[in-house]
Amino acid sequence: MKLFLDTANVEEIREAASLGVIDGVTTNPSLVAKEGRRLEEVAREIADIVDGPISLEVVSLEAPEMIREARRLAAVHPNVVVKIPMIREGLKALHAVAQEGIAVNVTLIFSAAQALLAAKNEAAMVSPFVGRLDDVSSNGMGVVKEIVEVFDNYIFDTEVLVASVRHPLHVIEAAKQGADIATIPYAILEKLLRHPLTEQGLEKFLADWNKQSAALAGSA
Ligand code: E4P
44 MKLFLDTANV
54 EEIREAASLG
64 VIDGVTTNPS
74 LVAKEGRRLE
84 EVAREIADIV
94 DGPISLEVVS
104 LEAPEMIREA
114 RRLAAVHPNV
124 VVKIPMIREG
134 LKALHAVAQE
144 GIAVNVTLIF
154 SAAQALLAAK
164 NEAAMVSPFV
174 GRLDDVSSNG
184 MGVVKEIVEV
194 FDNYIFDTEV
204 LVASVRHPLH
214 VIEAAKQGAD
224 IATIPYAILE
234 KLLRHPLTEQ
244 GLEKFLADWN
254 KQSAALAGSA
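Residues 44 to 263 (the numbering used here) make up the sequence shown, in order.
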């Protein structure tokens, strides 16, 4: 299972990449706006840190403009995956740019039906937003399960990228259900890494070791 970092913050990406577990990065217009920087500039810096797919999202709403934007973003770096929203015009744009060999991550997916349409148009990835589904009393991971089941019945190359991850259990459930990728905020990576019993256990080991070392030093 691949783990992507869901951020446009280069320092977070640098720190997460140093752990060796990050396979790619996803951004969206809100995340880039939060950094107050130009998308292309951020993308090039990310590409210097992480050798894997980097999702950059189009902001146009009509297919012809989306196509132009997708070509421009794809030219920024060979690892760029263009994010296109799952709307009627997005489906048209996906159809056009996938034929040109541009990798597309179809975003804002909230149902297996939407994922199926994106896969038929040769999306490289689909991004079901599990947290936002949970927020409206729907079962986000249930949608992921359906998508994995549908894709497994056919020969789609489209990867299932679990997005809008809010806690570590979303990641574990995604892995259990065979999703290809989970994209996670930096704070969730920290939560995956830590366990209080690991910290308590290490503290006790070192306290015992230091006590005994001091006793040995005293008897020498
Ligand atoms: C990633 O591709 C999405 O843009 C992101 O996971 C959305 O997360 P949010 O619902 O927490 O904003």
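Heads up, the beta-carbon is just placed ideally off N, CA and C, and yes, glycines get one too.
Because the structure is a prediction, the values reported are computed rather than measured.
In this structure, T241 has its CB at a distance of at least 6 Å from all heavy atoms of ligand 1.
Here DSSP, grouped into helix, strand and coil, assigns S103 to coil. Taking the Cβ of N182 as the reference point, every heavy atom of ligand 1 lies at 6 Å or farther away.
Secondary structure note for F248: its alpha helix (DSSP H) is the uninterrupted segment P239 to S262. The continuous alpha helix (DSSP H) containing M184 extends over residues G183 to D195. Bridge partners of F172 according to DSSP: A206. Closest in C-alpha terms to P211, from the list I127, K188 and A230, comes A230. Rounded to the nearest angstrom, the Cβ distance from E132 to A106 is 4 Å, consistent with a contact under 8 Å. With respect to the 7 Å criterion, L99 and A86 are classified as neighbours on the basis of their beta carbons. Contact check for Q220 and M184: beta-carbon distance about 7 Å, within the 8 Å limit, so the pair qualifies.
In the three-state DSSP reduction, P228 falls in the coil class, being neither helix nor strand. Taken atom to atom, the span from the alpha-carbon of I224 to that of W252 is near 41 Å.
The alpha-carbon separation between V93 and V68 amounts to approximately 8 Å. In this structure, A141 and N164 form a Cβ contact; the two beta carbons are roughly 6 Å apart against a cut-off of 8 Å. The beta carbon of E78 lies closer than 7 Å to those of A51, N52 and V85 in the same chain, with the five residues before and after it left out.
For L116, same chain residues with a beta-carbon under 6 Å away, outside a window of 5 residues either side, are L99, V123 and V125 in chain order. The Cβ neighbour count for Q255, taken over all protein chains shown within 10 Å, is under 16; the residue is labelled exposed. Taking 3 residues as the minimum length, the beta strand (DSSP E) runs contained wholly in the segment 90-158 are 97-100, 123-128 and 147-152, in order along the chain.
Exposed is the label assigned to Q243, since fewer than 16 other Cβ atoms lie within 10 Å of its Cβ.
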